[in-house]
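Take a look at the structure below.
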Amino acid sequence: MGHVRRFVYLRELSNTCPVEAYGRKCLLSIAPINAVRGFRTSLLRKSRRSIQSSRSMPKFGQMDTHFEGVKVEGGPVQFSKLWKPLCFTAVVGSGSFVCATIWQYENVRAKALSSLRKPGFISDKLLGMRKQTSWRNDMNSWWNSLTEGQRLFFPICFANCLVFLAWRVPQLQGMMVRYFCSNPASRIVCWPMVLSTFSHYSALHLFANMYVLHSFSSGAVASLGKEQFLGVYITAGVISSMSSYLYKAVMKQSALSLGASGAIMGVLGYVCTQYPDTKLHIIFLPFFTFAAGT
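FYI, UniProt numbering numbers position 151 of the sequence shown as 151, with every residue one higher than the one before it.
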């Protein structure tokens, strides 16, 4: 009788119900429907509050630029993030010299094949052409009067000038900051290491770098050849970008870098080591000269 009374008392509980399994009676606990609905409602409210608070909180890891509405990633740079640009530097450096060697071989091969042709082949083709306009003759004569280094300098200078003009287009400034400025904290860290070598925002910066490059391009190309010179130029630019990444990671800084100074310093270093007696002077101070070996 006592067991029956206890069973009836337990049955009256709101969260339990009796069940019979294998001839034995036991109690099954059931959560009320209202409690489940209340739990779901509170969970949805908390999730909505967390989403709204996350939207209202300021985004860290970004820094402003000089351009309106353009922000870039910032903050300290972890050394683990530098493995990718380090491998990119090795690939671009080795690939530049491999491509330069292939290009040089093809040029030598083309010259050898042209010398095997019958004498007067090129002159006969030129004489058979119609008379060219005067401005085209002037351009051809001017181009032929340039040294090999100057012929390579003008395409590099033209590319730098195009990028300089692209900075003046407001619609392109977001892309320019992302791809033509090296930033170790950015999501895109590899291609800007090369593209920033041809990027200048200041006209004075562009003029100074192109002036120095023009001063040493003829001597460097005469010693290296135009193919190897271009390989040295690109490799030095990528190595300088990698050095900038390492410096910013050590100093826990985050800033944008651009310019051809690193590539030009690589060319300048080669010229100074090969020709230590070369006279150098500081830009805007032509009266102050010194030897490269000093």
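Beta carbons are placed, not taken as given, at the ideal position from N, Cα and C, and that holds for glycine.
Item to complete: Check whether the Cβ atoms of Q253 and A100 sit closer than 8 Å, and answer yes or no.
Response: In the sequence shown, residue 253 corresponds to position 253, counting from 1. In the sequence shown, residue 100 corresponds to position 100, counting from 1. Against a cut-off of 8 Å, the Cβ pair of A100 and Q253 comes out as no contact.
Discussion item. Only counting the same chain, and skipping five residues up and downstream in sequence, which positions put a Cβ closer than 8 Å to that of N209?
Written reply: Translated into positions along the sequence shown, residue 209 becomes position 209. The answer, listed in chain order, is N160, H200, G259, A260, S261, I264.
Discussion item. Using a Cβ-based criterion (distance less than 7 Å to any ligand heavy atom), does P170 qualify as near the ligand GDP?
Written reply: Within the structure as shown, the ligand GDP is missing, as the structure has no ligands at all.
Discussion item. Buried or exposed for R55, going by 16 or more other Cβ atoms inside 10 Å?
Written reply: As a working note, residue 55 is residue 55 in the sequence shown. Bear in mind that the predicted position of R55 carries a pLDDT of just 45, short of 50, making it unreliable; the figure below should be weighed with that in mind. Exposed.
Worksheet item: For the alpha helix (DSSP H) that contains E252, what are its first and last residues?
Response: By one-based count along the sequence shown, residue 252 stands at place 252. At residue 252 the sequence reads Lys, which differs from the Glu that was named. Looking at the DSSP string, K252 is not in any alpha helix (DSSP H), and its letter there is neither H nor E.
Worksheet entry | Closest Cα partner of M224 within the set V238, L206, V194, G149 | Locating residue 224 in the sequence shown gives position 224, where the first residue counts as 1. First, the residue type needs correcting, since residue 224 is Leu and not Met in the sequence shown. For L224, the closest alpha carbon among the candidates V238, L206, V194, G149 is that of G149.
Worksheet item: Going by Cα to Cα distance, which pick from V189, V232, K226, S196 is closest to G74?
Response: Position 74 of the sequence shown, counting from 1, holds the residue named residue 74. The option with the nearest alpha carbon to G74 is V189.
Worksheet item: Which of helix, strand or coil does DSSP assign to V70?
Response: For the purposes of this step, residue 70 is taken as the residue at position 70 of the sequence shown. V70: coil per DSSP, three-state reduction.
Worksheet entry | A249 versus S114: straight-line alpha-carbon distance, rounded | The residue you call residue 249 lines up with position 249 of the sequence shown. The residue you call residue 114 lines up with position 114 of the sequence shown. C-alpha separation (whole angstroms): 53 Å.
Worksheet item: Taking the alpha-carbon positions, what's the L86 to A185 distance?
Response: The sequence position of residue 86 within the sequence shown is 86, counting from 1. The sequence position of residue 185 within the sequence shown is 185, counting from 1. Rounded to whole angstroms, L86 to A185 spans 14 Å at the Cα level.
Item to complete: Decide if the stretch 132 to 143 is in contact with the stretch 202 to 216; the criterion is three or more beta carbon pairs, one per stretch, under 8 Å apart.
Response: At 8 Å Cβ cutoff, the stretches do not touch.
Worksheet item: So what does S196 bridge to, in DSSP terms?
Response: Position 196 of the sequence shown, counted from the start, is the residue given in the question as residue 196. Looking at the DSSP assignment, S196 forms no beta bridge with any residue, so it has no partner.
Fill in: Reduced DSSP category for S240 - H, G, I as helix; E, B as strand; rest coil
Locating residue 240 in the sequence shown gives position 240, where the first residue counts as 1. In the structure shown, S240 sits in a helix (DSSP, three-state: H, G or I).
Worksheet item: Going by the beta-carbon positions, is the gap between L152 and V221 smaller than 8 Å?
Response: Locating residue 152 in the sequence shown gives position 152, counting from the first residue. Locating residue 221 in the sequence shown gives position 221, counting from the first residue. Yes. Within cutoff.
Discussion item. Could you check whether S244 and S257 sit closer than 8 Å to each other, using their CB atoms as the reference points?
Written reply: As a working note, residue 257 is residue 257 in the sequence shown. As a working note, residue 244 is residue 244 in the sequence shown. It is a contact, given that the beta carbons lie within the stated cut-off.
Fill in: DSSP three-state assignment for Q78, whether helix, strand or coil
Here residue 78 refers to the residue found at position 78 when the sequence shown is read from its first residue. Coil.
Worksheet item: Closest to Y233 by CA distance: which of L206, V91, G266 is it?
Response: Here residue 233 corresponds to residue number 233 of the sequence shown, with the count starting at 1. Each of L206, V91, G266 was checked against the Cα of Y233, and the nearest Cα belongs to G266.
Item to complete: Have a look at S241, L146, V194 and flag the residue whose alpha-carbon is nearest the alpha-carbon of V163.
Response: In the sequence shown, the residue the question calls residue 163 occupies position 163. With distances taken between CA atoms, V163 lies nearest to V194 out of S241, L146, V194.
Worksheet item: With C-beta atoms as the reference, is V238 less than 8 Å away from G95?
Response: Reading the sequence shown from its first residue, position 238 is the one you call residue 238. Reading the sequence shown from its first residue, position 95 is the one you call residue 95. Their beta carbons are not under 8 Å apart, which means V238 does not touch G95 by this criterion.
Practice prompt. Could you tell me the boundaries of the alpha helix (DSSP H) in which W143 lies?
Written response: Taking the sequence shown and counting its residues from 1, the one referred to as residue 143 is at position 143. Here the alpha helix (DSSP H) through W143 covers 134 to 145.
Practice prompt. Mind reading off the beta-carbon distance from S182 to S196? Whole number of angstroms is fine, and I expect it under 8 Å.
Written response: By one-based count along the sequence shown, residue 182 stands at place 182. By one-based count along the sequence shown, residue 196 stands at place 196. Correct: roughly 4 Å between the Cβ atoms.
Worksheet item: Between F198 and S241, what straight-line distance do the alpha-carbon atoms span, to the nearest angstrom?
Response: To locate residue 198, count along the sequence shown from 1; it is residue 198. To locate residue 241, count along the sequence shown from 1; it is residue 241. Taking the straight line from one Cα to the other gives about 12 Å.
Worksheet item: Any idea what DSSP makes of S261, helix, strand or coil?
Response: Taking the first residue of the sequence shown as 1, we reach residue 261 at position 261. Under the three-state reduction of DSSP output, S261 falls in the helix class.
Worksheet item: Out of A236, A203, L204, which has the shortest C-alpha to C-alpha gap to L268?
Response: For the purposes of this step, residue 268 is identified with residue 268 of the sequence shown, where counting begins at 1. Relative to the Cα of L268, the nearest Cα in the group A236, A203, L204 belongs to A236.
Discussion item. Can you find the residues in the same chain that come closer than 8 Å, C-beta to C-beta, to F97, ignoring five residues on each side of it along the sequence?
Written reply: For the purposes of this step, residue 97 is taken as the residue at position 97 of the sequence shown. Correct list, in chain order: Q228, G231, T235.
Worksheet item: Is S96 helix, strand or coil when you go by DSSP?
Response: Indexing the sequence shown from 1 puts residue 96 at position 96. Looking at S96 - three-state DSSP - the assignment turns out to be helix.
Worksheet entry | Other residues of its chain near W103: CB distance less than 6 Å, five sequence neighbours each side excluded | Numbered from its first residue, the sequence shown carries residue 103 at position 103. Closer than 6 Å at Cβ, skipping near neighbours: E227.
Fill in: DSSP three-state assignment for S215, whether helix, strand or coil
Within the sequence shown, numbered from 1, the residue matching residue 215 stands at position 215. DSSP places S215 in helix when its eight states are reduced to three.
Discussion item. Can you list, in chain order, the residues of its chain with a C-beta nearer than 7 Å to that of A255? Leave out the 5 residues immediately preceding and following it.
Written reply: Within the sequence shown, numbered from 1, the residue matching residue 255 stands at position 255. Closer than 7 Å at Cβ, skipping near neighbours: K248.
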